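Participant:
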């Protein structure tokens with residue numbers, strides 16, 4: 009073995025991985041072939057290089073042979089790249105003078121031919137050797153962390169996350185895009201499994217948040233832009249004016265005087281509200297808001313209150329919030345059945361579970377009365393899993409081209425909870441539960457299933473490939489009739505005349521496509537935000553410093569959403585407590601001698617990390633904002649920008665080595 013003319017002293021370590029690699033790849037042959045390359049001082053194998061003895065070997069060899077470059081051919085770098093970086097650093101070598109070659113996932117696990125696998129591994133390691141000759145020592149970037157957090161979403165998850173962060177001494181900005189806090193929980197009457205009043209639970213949580221000296225709450229506010237990285241996110245927020253201030257003394261007069269009405273989204277379309285309104289009794293802020301899409305600025309509300317407290321000419325304002333971490337708690341929307349789905353939109357007595365809950369609420373649109381047209385012994389049916397667990401080819405695709413094939417997790421227990429509430433109000437009611445499966449999985453949830461059975465509610469199981477059919481009742485003794493094959497009675501055809509049919513609908517993610525783009529969020533097949541790992545990193549996004557809380561991540565009940573919010577707050581607070589964050593140094597660098605100031609790089613940078621120096625008239629890279637994507641380096645016509653760790657010399661030498669035949673000639 010010999011040294012390269014450049015003087016690089018390279019050590020190569022090939023891992024057996026306990027047979028995962030060596031059962032397919034002839035690792036000794038790879039070591040022998042690579043050992044012949046210029047600059048390779050030592051090339052050897054080990055059963056488990058990631059083990060403590062394996063790391064000790066790497067450290068001792070570095071010192072013994074005065075190595076200044078190290079290559080490890082093993083498993084995926086996502087598993088042990090940091091393990092080996094730390095090992096060579098302990099030996100006194102800069103951790104970025106290291107190359108990791110994946111010969112397990114990319115070779116032995118996907119190549120059945122041992123000869124071909126060995127040749128492929130040899131070429132990959134050889135390419136790493138060529139690249140390693142051009143490596144230079146780099147230093148990690150250290151960015152001071154802004155000791156503040158931004159929480160986006162004012163439902164129960166956002167409120168819990170904000171409270172927990174503030175209790176740890178962190179400054180928090182809570183942003184809610186609606187005029188009032190509370191989210192979907194505020195639309196419930198009672199919650200399972202405790203049976204407590206939802207808004208009675210919500211009120212003290214809201215009070216705890218809005219009264220905390222470290223929390224700033226912004227309602228009617230939307231995130232319009234965000235820049236930066238973990239430790240220093242700079243977010244621009246547009247705040248739409250409420251049109252009402254604290255001087256408003258006679259809010260009832262203002263609301264009553266308003267002539268404009270629109271559909272009340274809080275009641276899921278079951279009622280109307282004015283253009284100036286309060287969402288629900290006891291809401292926060294405790295003052296009305298003006299719906300600018302409905303308001304005509306006629307001025308009657310101003311006249312009704314003597315001109316005090318209403319600002320029809322208020323303009324939106326934008327503020328910038330700097331935060332070290334961000335918690336996304338953007339929530340969910342109830343699934344809206346398609347027109348005609350189980351008769352929805354065709355028959356007025358076909359409603360959703362969310363609408364039923366509003367009907368049952370004494371503070372709801374009907375004061376707790378159901379639309380039963382005076383039926384003394386009402387017949388009420390529930391169809392489970394509407395908009396959930398759908399089957400391709402059976403259920404109609406949604407506007408996004410997909411079927412909702414995931415379980416919504418909460419609608420089974422929610423339907424049973426509502427059915428028992430109906431029985432409390434209407435003891436003579438007959439309840440039919442049409443289901444494919446009943447999934448009451450949470451603590452205390454199974455009790456609802458048992459109580460419903462004991463109350464006399466009937467359960468009919470249907471084949472999801474042959475769902476129930478809903479039609480107008482030709483006899484006229486009920487609004488609708490449901491026909492279903494009951495699997496519990498050997499597919500007996502059952503016809504159910506009903507006074508009310510409730511569709512237990514699932515949940516879909518709230519539309520946050522703009523936030524997904526801003527924060528480069530990963531999205532799962534179900535369109536919910538995707539965590540790094542469901543077990544090991546369940547509340548973290550792949551983008552460092554951004555955390556998930558609640559139903560933006562997937563269907564959850566209130567207990568789970570609050571738990572996820574506390575977990576996200578804990579992870580975020582731990583990050584802030586570090587004071588600074590270390591980041592890899594793979595950022596863009598400008599060669600001032602070559603830069604012509606053409607500004608091509610400014611136009612292609614997706615993170616606005618590049619500016620033009622007004623004095624030197626050349627590009628300048630903000631190292632705190634640069635994420636090392638490499639777009640500017642590829643676009644620069646003068647080759648004045650290179651990305652640390654991925655210079656032209658490093659990348660091209662690796663590519664040429666991969667394309668070269670055994671004689672050294674580059675092949676097409």
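Numbering (our numbering), first residue to last: 9 to 676. Glycine is no exception: its CB is placed at the ideal position from the N, C-alpha and C atoms. Bear in mind that the values here come from a model prediction, so they are computed numbers and not experimental data.
What number of angstroms, rounded off, separates the C-alpha of residue 187 from the C-alpha of residue 517?
Facilitator: Position 179 of the chain shown, counted from the start, is the residue given in the question as residue 187. Position 509 of the chain shown, counted from the start, is the residue given in the question as residue 517. Distance between the alpha carbons of residue 187 and residue 517 is about 20 Å.
Participant: Taking residue 230 as part of the beta strand (DSSP E), name the residues at either end of that continuous run.
Facilitator: Taking the chain shown and counting its residues from 1, the one referred to as residue 230 is at position 222. That run of the beta strand (DSSP E) goes 229-237.
Participant: Determine the closest residue to residue 32 out of 120, 617, 86, 565, with distance taken between C-alpha atoms.
Facilitator: Taking the chain shown and counting its residues from 1, the one referred to as residue 32 is at position 24. That would be 120, whose Cα lies nearest to the Cα of residue 32.
Participant: Once DSSP output is grouped into helix, strand and coil, what is the label at residue 699?
Facilitator: No statement about residue 699 is possible, as the shown extent of the chain runs from 9 to 676 and does not include it.
Participant: Spell out a yes or no on whether the stretch 440-459 and the stretch 418-426 are touching, meaning 3 or more CB-CB pairs, one atom from each, closer than 8 Å.
Facilitator: Taking 8 Å as the limit for Cβ pairs, the verdict is that the stretch 418-426 does touch the stretch 440-459.
Participant: Out of 260, 613, 625, which has the shortest C-alpha to C-alpha gap to residue 637?
Facilitator: By one-based count along the chain shown, residue 637 stands at place 629. Of the candidates 260, 613, 625, the one whose C-alpha sits nearest the C-alpha of residue 637 is 613.
Participant: CA-CA distance, residue 433 and residue 377?
Facilitator: As a first step, residue 433 must be located in the chain shown, where it is residue number 425. As a first step, residue 377 must be located in the chain shown, where it is residue number 369. Distance between the alpha carbons of residue 433 and residue 377: 9 Å.
Participant: Of all the options 557, 390, 466, which has the alpha carbon lying nearest to the alpha carbon of residue 509?
Facilitator: Taking the first residue of the chain shown as 1, we reach residue 509 at position 501. Closest by alpha carbon: 390.
Participant: Determine whether the beta carbon atoms of residue 214 and residue 136 lie at a separation below 9 Å.
Facilitator: Sequence index remark: in the chain shown, residue 214 carries index 206 (1-based). Sequence index remark: in the chain shown, residue 136 carries index 128 (1-based). No, Cβ-Cβ distance for residue 214 and residue 136 is not below 9 Å.
Participant: What's the call for residue 342, buried or exposed, on a 16-neighbour Cβ count within 10 Å?
Facilitator: Looking up residue 342 in the chain shown gives position 334. That one is buried.
Participant: Residues in the same chain with beta-carbon distance under 6 Å from residue 157, minus the five sequence neighbours each way, listed in chain order, please.
Facilitator: Start at 1 with the first residue of the chain shown, and residue 157 comes out as number 149. Taken in chain order, the residues that qualify are 173, 178, 180, 331, 333, 580.
Participant: Between which residues of its own chain and residue 466 is the CB-CB distance below 6 Å, once the five residues before and five after are set aside?
Facilitator: As a first step, residue 466 is located in the chain shown; it is residue number 458 there, counting from the start. Closer than 6 Å at Cβ, skipping near neighbours: 440.
Participant: Using 8 Å as the threshold, is the stretch 300-312 in touch with the stretch 278-285, meaning 3 or more CB pairs across them?
Facilitator: The stretch 300-312 is in contact with the stretch 278-285.
Participant: Could you name each continuous alpha helix (DSSP H) segment of 4 residues or more that falls completely within the stretch 101-140, going from the start of the chain to the end?
Facilitator: With a minimum length of 4 residues, the continuous alpha helix (DSSP H) runs that stay inside the stretch 101-140 are 122-140.
Participant: Would you list the one or two residues that DSSP bridges to residue 431?
Facilitator: Counting from one through the chain shown, the residue named residue 431 turns up at place 423. Looking at the DSSP assignment, residue 431 forms no beta bridge with any residue, so it has no partner.
Participant: Find out if the Cβ-Cβ distance for the pair residue 417, residue 563 is shorter than 9 Å.
Facilitator: Mapped onto the chain shown, residue 417 falls at position 409. Mapped onto the chain shown, residue 563 falls at position 555. Yes; because the gap between Cβ atoms is below 9 Å, this pair is in contact.
Participant: Hey, how far is the Cα of residue 372 from the Cα of residue 170?
Facilitator: Counting from one through the chain shown, the residue named residue 372 turns up at place 364. Counting from one through the chain shown, the residue named residue 170 turns up at place 162. Using only the alpha carbons, I get a separation of about 29 Å.
Participant: Quick one: what's got a C-beta closer than 7 Å to residue 471's C-beta in the same chain, skipping five residues either side?
Facilitator: Counting from 1 along the chain shown, the entry for residue 471 is found at position 463. Excluding residues within five positions, the ones whose Cβ falls inside 7 Å are 493, 495.
Participant: Under 7 Å Cβ to Cβ from residue 28, same chain only, skipping five residues before and after it: list those, please.
Facilitator: As a working mapping, residue 28 is identified with position 20 in the chain shown. The answer, listed in chain order, is 112, 116.
Participant: Under 8 Å by Cβ, that's how I've got residue 51 and residue 43 pegged, so tell me the actual separation to the nearest angstrom.
Facilitator: Here residue 51 corresponds to residue number 43 of the chain shown, with the count starting at 1. Here residue 43 corresponds to residue number 35 of the chain shown, with the count starting at 1. The Cβ separation is near 3 Å, so the contact holds.
Participant: Please classify residue 399 as buried or exposed, where buried requires at least 16 neighbouring CB atoms within 10 angstroms.
Facilitator: In the chain shown, counting from the first residue as 1, residue 399 sits at position 391. Exposed, because fewer than 16 other Cβ atoms sit within 10 Å of the Cβ of residue 399.
Participant: Taking DSSP as the reference, what is the three-state secondary structure of residue 511?
Facilitator: Numbered from its first residue, the chain shown carries residue 511 at position 503. In the structure shown, residue 511 sits in a strand (DSSP, three-state: E or B).
Participant: As a quick exercise: from 429, 249, 328, 64, pick the residue whose alpha carbon is nearest that of residue 54.
Facilitator: Here residue 54 refers to the residue found at position 46 when the chain shown is read from its first residue. Nearest of 429, 249, 328, 64 to residue 54, Cα basis: 64.
Participant: So residue 678 is in the alpha helix (DSSP H); what residue range does that whole segment cover?
Facilitator: This structure gives no information on residue 678, because the portion of the chain shown stretches from 9 to 676.
Participant: Ordered along the chain, which non-local residues of its own chain (more than five positions away) have a Cβ less than 7 Å from that of residue 406?
Facilitator: For the purposes of this step, residue 406 is taken as residue 398 along the chain shown, with counting starting at 1. These residues qualify, in order along the chain: 412.
Participant: Kindly give me the distance between the Cβ atoms of residue 196 and residue 206, rounded to whole angstroms, as I take these residues to be in contact under 8 Å.
Facilitator: As a first step, residue 196 is located in the chain shown; it is residue number 188 there, counting from the start. As a first step, residue 206 is located in the chain shown; it is residue number 198 there, counting from the start. Right, their Cβ atoms sit about 4 Å apart.
Participant: Under a three-way DSSP split, which group does residue 357 fall into?
Facilitator: Walking along the chain shown from the start, residue 357 turns up at place 349. Note: residue 357 maps to coil in three-state DSSP.
Participant: Can you tell me whether DSSP reads residue 10 as helix, strand or coil?
Facilitator: Residue 10 sits at position 2 when you count from the first residue of the chain shown. In this predicted model, residue 10 has a pLDDT of only 35, less than 50, meaning its place in the structure is not dependable; the value taken from the coordinates is given anyway. Three-state result, residue 10: coil.
Participant: I think residue 345 touches residue 511, with their Cβ atoms under 8 Å apart; what is that distance to the nearest whole Å?
Facilitator: Taking the chain shown and counting its residues from 1, the one referred to as residue 345 is at position 337. Taking the chain shown and counting its residues from 1, the one referred to as residue 511 is at position 503. Right, the Cβ-Cβ distance comes to about 6 Å (below 8 Å), so this counts as a contact.
Participant: Look at the alpha carbon of residue 246 and the alpha carbon of residue 375, and state the distance between them as a whole number of angstroms.
Facilitator: On the chain shown, residue 246 is found 238 positions in, with the first residue counted as 1. On the chain shown, residue 375 is found 367 positions in, with the first residue counted as 1. For residue 246 and residue 375, the distance between alpha carbons rounds to 37 Å.
Participant: Can you give me the Cβ contacts of residue 408 inside the same chain, cut-off strictly under 8 Å, excluding the 5 residues immediately before and after it?
Facilitator: In the chain shown, residue 408 corresponds to position 400, counting from 1. Here the set comprises 535.
Participant: Compare the C-alpha of residue 370 against each of 275, 314, 313 and name the closest.
Facilitator: Locating residue 370 in the chain shown gives position 362, where the first residue counts as 1. The residue with the shortest Cα to Cα distance from residue 370 is 275.
Participant: Please report how far the alpha carbon of residue 314 lies from the alpha carbon of residue 305, in whole angstroms.
Facilitator: Indexing the chain shown from 1 puts residue 314 at position 306. Indexing the chain shown from 1 puts residue 305 at position 297. C-alpha separation (whole angstroms): 16 Å.
Participant: Quick one: residues in its chain with C-beta nearer than 8 Å to the C-beta of residue 572, no 5 flanking neighbours on either side, listed in chain order?
Facilitator: Position 564 of the chain shown, counted from the first residue, corresponds to residue 572. Excluding sequence neighbours, residue 572 sits near 165, 546, 547, 556, 557, 558, 561, 564.
Participant: Here's the rule I'm using: 16 or more other beta-carbon atoms within 10 Å means buried, otherwise exposed. How should residue 491 be labelled?
Facilitator: Here residue 491 refers to the residue found at position 483 of the chain shown. Exposed, since its Cβ has fewer than 16 Cβ neighbours within 10 Å.
Participant: If contact is defined by three or more beta carbon pairs under 8 Å, each pair taking one atom from either stretch, is the stretch 130-147 in contact with the stretch 71-90?
Facilitator: They touch, by the three-pair rule.
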